[in-house]
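Everything on this sheet refers to the single structure shown next.
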Amino acid sequence: MVQCSVPKYQFILWLALQKRLSTTDRMAKWGIQVPRNCELCIADAEETHAHLFFDYDYSRQIWSSFLCWTRESSQVGNWEEEIERLTTKKCNGKTHAEVLRWLLAAIIYHVWSEHNARRFQEQQQDCISRLREIVIQLHRKGQFRSNWKRLLDRLNSYPSLV
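Going by the UniProt record's numbering, the letters in the sequence shown line up with residues 1 to 162, in that order.
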């Protein structure tokens, strides 16, 4: 789905597309005793793949912010709808589609990293910090992609949290 992405983003995205990330509902099916509540939520929601991507506010806010920032529809659907959006929808050109796919891979990676940081290291980072980190990485990646330059010149600020 994303050929120009960072390898660690590609790997986590591949696991997510296969629904193979070790969420607590999957670990419970394997017989591993873990608390089933979501580490990213204040509410006692069960941690599932669907919940992490994009039922949960943290991932939904980040993705929605980037959709607005890139002038896409800001309406965020469920996991399947978002994957379909990026695989079948014709965006505002090939470059726009590449950037959106890169952003999705980055967001999936960062949401999973946040999940792991909260669960295993008791550390957390707010959405704004994650947004900024992803934007900086996008612009760094764009330095090596000449066809991204024009689009990234328009996206020369940080997105607002939606």
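Virtual Cβ for every residue (Gly too), placed ideally from N, Cα, C.
Check whether residue i and residue j have beta carbons under 9 Å apart
{"i": "residue 69", "j": "residue 159", "result": "yes"}
{"i": "residue 51", "j": "residue 21", "result": "no"}
{"i": "residue 108", "j": "residue 66", "result": "no"}
{"i": "residue 62", "j": "residue 140", "result": "no"}
{"i": "residue 40", "j": "residue 58", "result": "yes"}
{"i": "residue 35", "j": "residue 24", "result": "yes"}
{"i": "residue 134", "j": "residue 110", "result": "yes"}
{"i": "residue 138", "j": "residue 99", "result": "yes"}
{"i": "residue 95", "j": "residue 156", "result": "no"}
{"i": "residue 43", "j": "residue 55", "result": "no"}
Endpoints, the alpha helix (DSSP H) within which residue i is located
{"i": "residue 58", "result": "57-69"}
{"i": "residue 11", "result": "7-17"}
{"i": "residue 151", "result": "149-154"}
{"i": "residue 26", "result": "24-29"}
Neighbour-count burial assignment, residue i, 16 or more Cβ in a 10 Å radius
{"i": "residue 136", "result": "exposed"}
{"i": "residue 142", "result": "buried"}
{"i": "residue 82", "result": "buried"}
{"i": "residue 84", "result": "exposed"}
{"i": "residue 5", "result": "buried"}
{"i": "residue 71", "result": "exposed"}
{"i": "residue 102", "result": "buried"}
{"i": "residue 64", "result": "buried"}
{"i": "residue 17", "result": "exposed"}
Any non-hydrogen atom of the ligand ZN closer than 8 Å to residue i Cβ
{"i": "residue 87", "result": "In the structure shown, the ligand ZN is absent, as is every other ligand, since no ligand is present at all."}
For residue i, the residue or residues it bridges with in DSSP
{"i": "residue 37", "result": "46"}
Within the stretch 84-146, ranges of the beta strand (DSSP E) (whole runs, at least 3 residues) = none
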